[in-house]
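Mapping the sequence shown onto my numbering, position 93 (from 1) lands on 80, and the numbers just tick up by one. A short worksheet on the structure shown next.
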Amino acid sequence: MKEVKTLYIDFDGVIINTIETIVSLYNEDFQYYKGFKTVNWWEVNTWDFEECSCASKKYINSYFNTPRFFNKASLLEGAWDVLNQMKDDFHLVIVSMGYRPNLVGKKLWIEKNLPFADFIGVNMKKYPDKKHIDMSDGIFIDDSSKNLATSNAKYKVLFGDVYPWNEDWEGKRCFNWTDLEKYLMRGDYVKT
C-alpha cells in the first residue's frame, strides 16, 4: 500500500451527481415551455442530455459554468464519508475537466465542501483528456473510460453505472462509494 500515495478522483459523476444537478436546472427552467416533460435524472443515458429536449446542447452546457450549478450540486451518497476517511491514508487530488468558469466554480466548491482535497483543473480548450497529469503514484477513479484508458495511473477504477461513455471498460468498476470504500480498505487494487 505504501507504493500508492494518491487518490486521483474525477468530480462530475464521481463526487457529485452531475446528471441530477443538470436535470434539476432544466426542469426548473423549461417547465412552462411547449412540449416540456419532466425529466428524471435516472432516465438520462446520453452524454449531451438529449433527454432534455426543450434545451439546446449549448444551453445545457452553459449550466456547467453558472453559480446555480454549484449551488445545487450535492455529493453522491457516501462520498464525503469515504473521502474524509481516506484523507488520512492518501493524498486526495480531484482532477476534473471543464472550461475556465466551470473550473473556477469547482475549485471554490471543493475548497468549501472538501477542504482536505487538492484540485487540478484541466481546461478543455487545451486538453482532450487527463493524460498529461502524472498519476503514476496512485489510483485514478473516473466515470469516463476514455480518461482512464489514456492515464498513466498505477491503478484505474471506473466509477458508477454503465453508460455509453464507459460501457467499453473491461477493468475494475465500483458502482458506488460503498464498493469503492471496500476496494480501497482491503487494498484490492494491489491484487488486480
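Ideal Cβ positions, reconstructed from N, Cα and C, are used throughout, including at glycine.
I81: not part of any alpha helix (DSSP H); member of the beta strand (DSSP E) spanning H78 to G85, first to last residue.
Between W28 and N52, the C-beta spacing is not below 8 angstroms. By the neighbour-count criterion, in which 16 or more other beta carbons inside 10 Å mark a residue as buried, K93 falls on the buried side. At a Cβ-Cβ threshold of 8 angstroms, D121 and K(-8) do not count as neighbours. I2 and L95 do not touch by the CB rule: their CB atoms are close to 14 angstroms apart, not below 8 angstroms. Closest by C-alpha distance to I(-4), out of K112, Y114, P115 and I97, is I97. If only uninterrupted beta strand (DSSP E) runs of at least 3 residues are considered, those enclosed by the region 21 to 105 are 78 to 85. Secondary structure of K143 (DSSP, three-state): strand. Leaving aside the five residues that flank Y170 on each side, the residues in its chain whose CB is nearer than 6 angstroms to its CB run, in chain order, C161. According to the DSSP secondary-structure assignment, D129 is paired through a beta bridge with L145.
I6 is positioned such that its CB atom lies closer than 8 angstroms to that of V31. Taking all protein chains shown into account, F103 has fewer than 16 neighbouring C-beta atoms within 10 Å of its C-beta and is therefore exposed. Contact between L90 and G65 is absent: CB atoms are separated by about 25 angstroms, not below the 8 angstroms threshold. Judged by their CB atoms, L12 and I126 are not nearer to each other than the 8 angstroms cut-off. The alpha carbon of Y114 has as its nearest neighbour, out of L101, G85, N139 and S131, the alpha carbon of G85.
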